[in-house]
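So the sequence shown is residues 1216 to 1346, counted in the numbering used here.
C-beta atoms are modelled at their ideal positions from N, C-alpha and C, and glycine is treated no differently.
Model, not experiment: these values are computed from the prediction.
Quick notes on the structure that follows.
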Amino acid sequence: MFKNITVTLAQSHGYLNIIWGLGFILSSLLPLTGDPILKNIGLGFGLVALLLVGFTLVFLKKEREDERSIENTNRAYTMAFLLLMVLGTLYSYLDLRCHFNIAAKPVLDSFMGLGLILSGSFFLYYERKGC
């Protein structure tokens, strides 16, 4: 039924990573507010993002990856990883100095979400730039 719908590389590597990353961040940070409505919104957005990514990966046909798109994917994930390493080091340093009283799970989930957002954004940038 859905096999005749083709997902472009920008949609599968770029936009889906950004949506999935937003789902991670919202589902980890909104429950910290203590408001049950915001908690349910965050968890709902995380679930919708997960279902969207899963549906796309399982049911929809994707464009074939060419050499340039594979290179852009690798560059995007490398840049996202390097930025997360810098941010993680900065967070660790500030935590040692300022003694943040934040649970580890929301921070780790937010870092995972930020990594997905960065990798999707970098992929879209490299695809548009054409390098």
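Distance from the CA atom of Tyr1292 to the CA atom of Glu1278, rounded to whole angstroms, is 19 Å. Excluding five sequence positions before and after Thr1288, the CB atoms of its chain that fall closer than 7 Å to its own CB belong to His1228 and Phe1338, given in chain order.
Membership of Tyr1341 in the alpha helix (DSSP H) is indicated by the continuous run Ala1319 to Lys1344. Take Leu1298, set aside five residues on each side of it, and the residues of its chain with a beta-carbon closer than 7 Å to its own are Leu1333, in chain order. Taking all protein chains shown into account, Tyr1308 has fewer than 16 neighbouring C-beta atoms within 10 Å of its C-beta and is therefore exposed.
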